[in-house]
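Residue numbers (my numbering), protein chains in the order written: chain A, 220 to 430; chain B, 95 to 891.
Virtual Cβ for every residue (Gly too), placed ideally from N, Cα, C.
In what follows, a structure is listed as structure tokens, so that the remarks can point back to it.
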Amino acid sequence: MADGSPPLNRYRDAELTLEALVDAANRLLRRLDVRPDDGRIASAPDARLVRYYQTLGVVDRPLRYDGRRAIYGYRHLLQLLSVKRLQQEGHPLHLIQAALAGRATAALEEALVASSSRHEPPPLRSPETWQCASPAAAPPIAGPPARETAFSATGQGAGNQLGGSEAEFSPLVAARVAPGVTLTVDPTVVPDPNALIVLVTTVLTRVQKEH
Amino acid sequence: MFEPIAPTLAPEETVGHRDLGGLLGLAAGCEVAFPLREMRVRASVAGNCCRTIVEQVFDNPYKEGLEAVHIFPLPPDGAVTELELISGDVVVRGDCREREAAERAFDQARSRGQRAALLTAERADVHTVRVTNIPPGTGVRVRLVVIERLEEADGAFVWRFPTVLAPRYLPGSPTDHTGSGVIPDTDRVPDASRLQPPLRLTGGVTLDLELQIAGPLASLESSLHAVRASLGDQVRVAPSGRATLDRDFVLRFTPAAPSGVPVRGYTDGLFTLALVNPPELVETSRVPRDVVLVIDVSGSMGGEKLDAAKKALSAALHGLERGDRFRLIAFESSVHKHSRDLVAFDETSLHKADRWIAHLHPMGGTEMLPALREAFSGTTPPGRLRTVVFITDGQAWNEPELVAAVERDRAGALLFTVGIDTAVNESLLKRLARVGGGTCELVTPRDDIEEAIVRLEARLGAPVLTGLVPRHLEAARPEPTHVFAGRPSVLLLRGTADRVVFEGTDSAGQPTELVAESCQRITFPLGALWARERVAWLEDRILLEPEREKKLRSEILALALEHHIASRFTALVAVEERVSHTGERVSVVQPVELPDSWSEAFRVADLAAMPAAAQIRGAALSASHLSMLGLFGGPARLAPGTRQGAPFSAGTDEALEPDETAAATSAFDFAAVGRPGALFADTERKAVDPLRVIESSLATTQGADGSFEGSVERTAAALVTLVRLGHTRRKGTRRRVVQKAARWLEQHGDDALARLALEMLGRAEAGGGLPQRSEVEPLLGVTPEGAALNRALQASG
Numbered sequence: 220m221a222d223g224s225p226p227l228n229r230y231r232d233a234e235l236t237l238e239a240l241v242d243a244a245n246r247l248l249r250r251l252d253v254r255p256d257d258g259r260i261a262s263a264p265d266a267r268l269v270r271y272y273q274t275l276g277v278v279d280r281p282l283r284y285d286g287r288r289a290i291y292g293y294r295h296l297l298q299l300l301s302v303k304r305l306q307q308e309g310h311p312l313h314l315i316q317a318a319l320a321g322r323a324t325a326a327l328e329e330a331l332v333a334s335s336s337r338h339e340p341p342p343l344r345s346p347e348t349w350q351c352a353s354p355a356a357a358p359p360i361a362g363p364p365a366r367e368t369a370f371s372a373t374g375q376g377a378g379n380q381l382g383g384s385e386a387e388f389s390p391l392v393a394a395r396v397a398p399g400v401t402l403t404v405d406p407t408v409v410p411d412p413n414a415l416i417v418l419v420t421t422v423l424t425r426v427q428k429e430h
Numbered sequence: 095m096f097e098p099i100a101p102t103l104a105p106e107e108t109v110g111h112r113d114l115g116g117l118l119g120l121a122a123g124c125e126v127a128f129p130l131r132e133m134r135v136r137a138s139v140a141g142n143c144c145r146t147i148v149e150q151v152f153d154n155p156y157k158e159g160l161e162a163v164h165i166f167p168l169p170p171d172g173a174v175t176e177l178e179l180i181s182g183d184v185v186v187r188g189d190c191r192e193r194e195a196a197e198r199a200f201d202q203a204r205s206r207g208q209r210a211a212l213l214t215a216e217r218a219d220v221h222t223v224r225v226t227n228i229p230p231g232t233g234v235r236v237r238l239v240v241i242e243r244l245e246e247a248d249g250a251f252v253w254r255f256p257t258v259l260a261p262r263y264l265p266g267s268p269t270d271h272t273g274s275g276v277i278p279d280t281d282r283v284p285d286a287s288r289l290q291p292p293l294r295l296t297g298g299v300t301l302d303l304e305l306q307i308a309g310p311l312a313s314l315e316s317s318l319h320a321v322r323a324s325l326g327d328q329v330r331v332a333p334s335g336r337a338t339l340d341r342d343f344v345l346r347f348t349p350a351a352p353s354g355v356p357v358r359g360y361t362d363g364l365f366t367l368a369l370v371n372p373p374e375l376v377e378t379s380r381v382p383r384d385v386v387l388v389i390d391v392s393g394s395m396g397g398e399k400l401d402a403a404k405k406a407l408s409a410a411l412h413g414l415e416r417g418d419r420f421r422l423i424a425f426e427s428s429v430h431k432h433s434r435d436l437v438a439f440d441e442t443s444l445h446k447a448d449r450w451i452a453h454l455h456p457m458g459g460t461e462m463l464p465a466l467r468e469a470f471s472g473t474t475p476p477g478r479l480r481t482v483v484f485i486t487d488g489q490a491w492n493e494p495e496l497v498a499a500v501e502r503d504r505a506g507a508l509l510f511t512v513g514i515d516t517a518v519n520e521s522l523l524k525r526l527a528r529v530g531g532g533t534c535e536l537v538t539p540r541d542d543i544e545e546a547i548v549r550l551e552a553r554l555g556a557p558v559l560t561g562l563v564p565r566h567l568e569a570a571r572p573e574p575t576h577v578f579a580g581r582p583s584v585l586l587l588r589g590t591a592d593r594v595v596f597e598g599t600d601s602a603g604q605p606t607e608l609v610a611e612s613c614q615r616i617t618f619p620l621g622a623l624w625a626r627e628r629v630a631w632l633e634d635r636i637l638l639e640p641e642r643e644k645k646l647r648s649e650i651l652a653l654a655l656e657h658h659i660a661s662r663f664t665a666l667v668a669v670e671e672r673v674s675h676t677g678e679r680v681s682v683v684q685p686v687e688l689p690d691s692w693s694e695a696f697r698v699a700d701l702a703a704m705p706a707a708a709q710i711r712g713a714a715l716s717a718s719h720l721s722m723l724g725l726f727g728g729p730a731r732l733a734p735g736t737r738q739g740a741p742f743s744a745g746t747d748e749a750l751e752p753d754e755t756a757a758a759t760s761a762f763d764f765a766a767v768g769r770p771g772a773l774f775a776d777t778e779r780k781a782v783d784p785l786r787v788i789e790s791s792l793a794t795t796q797g798a799d800g801s802f803e804g805s806v807e808r809t810a811a812a813l814v815t816l817v818r819l820g821h822t823r824r825k826g827t828r829r830r831v832v833q834k835a836a837r838w839l840e841q842h843g844d845d846a847l848a849r850l851a852l853e854m855l856g857r858a859e860a861g862g863g864l865p866q867r868s869e870v871e872p873l874l875g876v877t878p879e880g881a882a883l884n885r886a887l888q889a890s891g
């Protein structure tokens, strides 16, 4: 990002199909350093998400219809980018819905440009970085430990892609077993990782109490 | 008598700015602000007439001027007769004009910077209020007056006030998007883009509601709100806690002194409202029926709604009798049939149907058209009566298409609709029943569903009065009226007379005359009510005779202008004289809540199917759920790892016959993710009456021949139980069960127990005493019915 702002200009008078809108949004989000895989963001823009945002009123109705195809424009693109940008900053969607209601196109543009120039790119992720994933990805365990499921990435480039192919990942089970202590278990080696986590937690709690 | 809403806003009251410090400086925890702050509703009911003041309070929390758009429901039979725009102490009364002219006046005011309000009626139930040029930091109020007539069923009146438009299924392919709503117009629903407001993720607008009823009343029951009430000659009812715009307000009440006369008349001097009561039920020779039971199993029915619908279906099925034929149809995006054609009602078919019902679960869109067509398909031989019972939430936007289909395809069959929801599509269900020649029953998932079906059963035969026409006076709906058991007809007539006379045919086929000897004078705008009803009839005609549209349209326009009511072709507009705001202006369409029983079903799916949704804090639903409902027309795409399947549990031995023509649909399966937990946790559940439970279990275990497991002892015990609980062959909600059991026992008259039970029944019907324990001891055996009798004797003793 040499000039610190995304190349929004070329879309100013654009007429985009839904696919083209999604495509442009994803390209611009990369320039804005908004990563759809960032833990805070639900999912990368796709056609269904745009329709969802329309039902919430955060993305306007299309400019017009060309036969049966909806045609979108610059304002829609800005709205989509703004939602994702705000989500990345940690704002929940219900507040974003209120914040974007009735926003003028110029205001959206200004805010996006300003944010991209003051935004510092996040540090490069190392392959060991924890990725918080779905609680449904591993069976729930009993007991107090806050549990996370981690994916160990085998390739640098794929490190941020949760949606990558199965072969690239082997799921690791990670759990915080005591303040400041996290235990990582490879379930392909340890037959019952949850039992182990509960055991370690119990032992550590007892040790802590005795000291 | 009627208390206007006191203005609580100070003149030009200021409201806090939405301080976001720029778009991206959005502070976490800042207040969610949308234009609509509060909705105030004051309704007053006297007899069958109701006048409601609806006041919408808008604030401008933005830095620019505001144009607020609010798409909301009103009672579908109601007429909006007045619009007022109130800012501070300035009140501007609106005019009724042709819709285009009103819109032009509004646009002009907007560009001049004048404050203005516009009310348009998109459908019978869907309305839009627009208010423009609200200066930053100020508020305005828009006040509407709605008049409607209440209908009476089985001695009770129901006042139903809708507060939210549920997301409804949209069929067809997108063609354009011209309206302020969030869904496109389609080839099948050309006005869709005006109808669906945006969804609000959290928070809700406060509903401040109060209803006054001219009493005294014998009973009062609110289905979806905890209420407080002050009783007396003027009964006042209001929700007892904070209510928001997330469900219908449903109040059922019974007057203390029910009127027994066949016809009552009310007049304002120019128009007449007449009530025709059905005659007392007489047992006539029954016409055998062909009953098609249709149930909606679309995604929007998920949770407690489908459980209620299944109960309704089962109760309707068990109410059939030997000699009847039936078939079951379930629909969502495709049509599922329990059998290819009608089957005779007997032990085997009843058992098979019960199992089929048990395995239904929700998925897909609310595609009603093929299901209606299927229900009307096939022929019914002369001498049999074909009835269709349609059980659904009605959440689809293609009302005009469905109304036209019913009129075209029903071929003499009677269509009865049963609506189940917390924000039911009353407009569609009432209209389908009206065009279909039957009646409409609306229940909430928390009402006693079986009770409602038992009431419906009494009407499932032919009407008790047919071909009813007023003499001399002009009815709003010119075609003759049919009156069903338990359902008085409310007729609006132009003109007035000392004696109002109706002619018709009674259930024995004899001509009959019904007379209201005098009309009570009332002060109520009956003319507007008459015009509203006539407009509704003309709207139906447009659908059925599209070639006459131009002429019918101009009739509607003339009537609506004359009586100052909003319609599809007229609108109310109010413009302030002074200029209030120049400069920048934003336009915001008010987002609305999801109806309360809906979000529970969504949340359950959230946990299992949408881990990513956990990231959307505060989100009650996500994109996949909307497409799961088929709200975008097409079948839902599955999230990875979600179970795919037909709307039936795998592994049943039922011979299922999904419609061959319909494409297999994949969708989320609520059954796979578990049942929603405590629905309606915010309000108290009604206590279940143990006697009702006994009655209900007897009704559903009775065999097709009327017996209980073919046993004289058990059937006799069941019959005596019902008699003890106040039911006979002629009165009580379970009279059908009693009739069937008694008929079976009469065939076993040589058995002493059968004779004992019939004797008890005969005595109760003759006004003698109820069965006492000492008299029925031989029946208190160890059978389930014997145990039921024991409990009934204890509980009612």
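Applying a beta-carbon distance threshold of less than 9 angstroms, which residues of chain B neighbour Tyr-284 of chain A?
Locating residue 284 of chain A in the first sequence gives position 65, where the first residue counts as 1. Chain B residues near Tyr-284 of chain A: Pro-268, Thr-269, Asp-270, His-271, Pro-278, Asp-279.
Taking 7 angstroms as the cut-off, is the C-beta of Ala-625 of chain B nearer than that to any heavy atom in the ligand PLP?
By its list of ligands, the structure shown contains no ligand whatsoever, and the ligand PLP lies outside what it can speak to.
Contacting residues, own chain, Cβ-Cβ under 6 angstroms from Leu-227 of chain A (five flanking each side not counted):
Along the first sequence, one-based indexing puts residue 227 of chain A at 8. Residues of the same chain with a CB within less than 6 angstroms of the CB of Leu-227 of chain A, apart from the 5 flanking positions on each side, do not exist.
Expected contact under 8 angstroms - CB spacing of Gly-90 of chain B and Leu-567 of chain B to nearest Å:
This structure does not reach residue 90 of chain B, given that chain B is present from 95 up to 891, and the question cannot be answered.
Could you check what DSSP says for Met-457 of chain B in three-state terms: helix, strand or coil?
Position 363 of the second sequence, counted from the first residue, corresponds to residue 457 of chain B. Three-state DSSP puts Met-457 of chain B in coil, outside helix and strand.
Determine whether the Cβ of Thr-827 of chain B lies closer than 8 angstroms to any Cβ atom of chain A.
By one-based count along the second sequence, residue 827 of chain B stands at place 733. No, because no Cβ of chain A sits closer than 8 angstroms to the Cβ of Thr-827 of chain B.
Coarse secondary structure for Arg-818 of chain B, derived from DSSP in three states:
Along the second sequence, one-based indexing puts residue 818 of chain B at 724. Reduced to three states, the DSSP call for Arg-818 of chain B is helix.
Going by CA-CA distance only, name the one from A:Ala-397, A:Thr-236, A:Val-409 that's closest to Arg-288 of chain A.
As a first step, residue 288 of chain A is located in the first sequence; it is residue number 69 there, counting from the start. Among A:Ala-397, A:Thr-236, A:Val-409, the Cα nearest to that of Arg-288 of chain A is on A:Thr-236.
Is Gly-276 of chain A close to chain B? Criterion is C-beta to C-beta, closer than 8 angstroms.
Residue numbering aside, residue 276 of chain A sits at position 57 when the first sequence is read from its first letter. Closer than 8 angstroms to some Cβ of chain B, the Cβ of Gly-276 of chain A qualifies, so yes.
What's the gap between the Cα of Lys-399 of chain B and the Cα of Leu-415 of chain A?
On the second sequence, position 305 is the one that residue 399 of chain B refers to. On the first sequence, position 196 is the one that residue 415 of chain A refers to. In this structure, the alpha-carbon of Lys-399 of chain B lies about 43 angstroms from that of Leu-415 of chain A.
What three-state label does DSSP hand Leu-237 of chain A in the structure shown?
On the first sequence, position 18 is the one that residue 237 of chain A refers to. Residue state, collapsed to three classes: helix.
Asp-390 of chain B beta carbon less than 8 angstroms from that of Thr-460 of chain B:
In the second sequence, counting from the first residue as 1, residue 460 of chain B sits at position 366. In the second sequence, counting from the first residue as 1, residue 390 of chain B sits at position 296. With respect to Asp-390 of chain B, Thr-460 of chain B sits close: the two C-beta atoms are nearer than 8 angstroms.
Given that Ala-127 of chain B touches chain A, what residues does it touch there, using C-beta distances under 8 angstroms?
Within the second sequence, the letter at position 33 stands for residue 127 of chain B. Residues of chain A passing the Cβ test: Ala-317.
Hey, how far is the Cα of Gly-843 of chain B from the Cα of Arg-849 of chain B?
Walking along the second sequence from the start, residue 843 of chain B turns up at place 749. Walking along the second sequence from the start, residue 849 of chain B turns up at place 755. Going by the C-alpha atoms only, they are around 6 angstroms apart.
Are the C-beta atoms of Ala-239 of chain A and some chain B residue less than 8 angstroms apart?
To locate residue 239 of chain A, count along the first sequence from 1; it is residue 20. False, the Cβ-Cβ gap to chain B never drops below 8 angstroms.
Residues in the same chain with beta-carbon distance under 7 angstroms from Ser-433 of chain B, minus the five sequence neighbours each way, listed in chain order, please.
To locate residue 433 of chain B, count along the second sequence from 1; it is residue 339. Beyond the five residues adjoining it in sequence on each side, Ser-433 of chain B comes within less than 7 angstroms, by CB distance, of Arg-421 in the same chain, given in chain order.
Please state whether the Cβ-Cβ distance between Leu-887 of chain B and Leu-855 of chain B is less than 8 angstroms.
Along the second sequence, read from residue 1 onward, the residue named residue 887 of chain B stands at position 793. Along the second sequence, read from residue 1 onward, the residue named residue 855 of chain B stands at position 761. Here Leu-887 of chain B is not near Leu-855 of chain B, since their CB atoms are 8 angstroms or more apart.
Quick one: list the residues of chain B neighbouring Gly-292 of chain A, beta-carbon separation under 7 angstroms, in chain order.
Reading the first sequence from its first residue, position 73 is the one you call residue 292 of chain A. Near Gly-292 of chain A there are no residues of chain B at all, since even the closest Cβ is about 13 angstroms away, more than 7 angstroms.
Looking at Val-388 of chain B and Ile-514 of chain B, is the spacing between their C-beta atoms short of 8 angstroms?
Taking the second sequence and counting its residues from 1, the one referred to as residue 514 of chain B is at position 420. Taking the second sequence and counting its residues from 1, the one referred to as residue 388 of chain B is at position 294. Val-388 of chain B is positioned such that its CB atom lies no closer than 8 angstroms to that of Ile-514 of chain B.
Chain B within 8 angstroms of Arg-250 of chain A, Cβ atoms only
One-based indexing of the first sequence puts residue 250 of chain A at position 31. Contacts with chain B at 8 angstroms (Cβ-Cβ) do not include Arg-250 of chain A.
Quick one: what's got a C-beta closer than 7 angstroms to Glu-132 of chain B's C-beta in the same chain, skipping five residues either side?
In the second sequence, residue 132 of chain B corresponds to position 38, counting from 1. Contacts found: Val-151, Val-299, Thr-300, Asp-302.
Which full runs of the beta strand (DSSP E) of 3+ residues lie inside the stretch 393–454 of chain B, going along the chain?
Runs found: 419–425, 429–431.
Spatial neighbours of His-412 of chain B within its chain, please: C-beta separation below 7 angstroms, excluding the five flanking residues on both sides.
As a first step, residue 412 of chain B is located in the second sequence; it is residue number 318 there, counting from the start. Correct list, in chain order: Ala-793, Thr-794, Gln-796.
Spell out whether any CB of chain A is found under 8 angstroms from the CB atom of Arg-681 of chain B.
If you number the second sequence from 1, residue 681 of chain B lands on position 587. The question names Arg, yet the displayed sequence has Ser at residue 681 of chain B. Yes, contact with chain A.
Rounding to the nearest angstrom, what Cα-Cα distance links Glu-328 of chain A and Tyr-291 of chain A in this structure?
Locating residue 328 of chain A in the first sequence gives position 109, where the first residue counts as 1. Locating residue 291 of chain A in the first sequence gives position 72, where the first residue counts as 1. About 16 angstroms.
Give the straight-line distance between the Cα atoms of Ile-788 of chain B and Ser-274 of chain B, rounded to the nearest whole angstrom.
The count along the second sequence starts at 1 and reaches residue 788 of chain B at position 694. The count along the second sequence starts at 1 and reaches residue 274 of chain B at position 180. Straight-line Cα distance between these residues: approximately 52 angstroms.
At which residue ranges does the stretch 165–250 of chain B contain complete beta strand (DSSP E) runs of 3 or more residues, listed in the order of the chain?
Those beta strand (DSSP E) runs which fall completely within the stretch 165–250 of chain B and span 3+ residues are 173–181, 184–187, 189–192, 208–215, 220–228, 233–243.
With a Cβ-Cβ cutoff of 8 angstroms, do Glu-176 of chain B and Arg-235 of chain B count as a contact?
Residue 176 of chain B sits at position 82 when you count from the first residue of the second sequence. Residue 235 of chain B sits at position 141 when you count from the first residue of the second sequence. Not in contact: Glu-176 of chain B and Arg-235 of chain B (Cβ atoms no closer than 8 angstroms).
Does the stretch 633–650 of chain B come within contact of the stretch 176–191 of chain B, defined as at least 3 CB pairs closer than 8 angstroms?
Touching, no, given that fewer than three Cβ pairs across the two stretches are closer than 8 angstroms.
His-445 of chain B classed as buried or exposed, judged by whether at least 16 other C-beta atoms fall within 10 angstroms
Within the second sequence, the letter at position 351 stands for residue 445 of chain B. Result: exposed.
Along the stretch 283–303 of chain B, where does the CB come closer than 9 angstroms to a CB of chain A? Name the residues.
Cβ contacts with chain A come from Ser-287, Gln-290, Pro-291, Pro-292, Leu-293, Arg-294, Leu-295, Thr-296, Gly-297.
In the DSSP assignment, what are the bridge partners of Glu-840 of chain B?
To locate residue 840 of chain B, count along the second sequence from 1; it is residue 746. Looking at the DSSP output, Glu-840 of chain B bridges to nothing.
Which complete beta strand (DSSP E) runs does the stretch 351–385 of chain B hold, if anything under 3 residues is left out?
If we require 3 residues or more, the beta strand (DSSP E) runs fully inside the stretch 351–385 of chain B come out as 357–361, 365–370.
Test: Pro-264 of chain A CB closer than 8 angstroms to a CB of chain B:
As a first step, residue 264 of chain A is located in the first sequence; it is residue number 45 there, counting from the start. With 8 angstroms as the cut-off, Pro-264 of chain A does not count as an interface residue toward chain B.
Would you say Ala-243 of chain A lies against chain B (beta-carbon separation less than 8 angstroms)?
In the first sequence, the residue the question calls residue 243 of chain A occupies position 24. So, not an interface residue.
According to DSSP, is Ile-659 of chain B helix, strand or coil?
Stepping through the second sequence from its first residue, residue 659 of chain B is reached at position 565. DSSP places Ile-659 of chain B in coil when its eight states are reduced to three.
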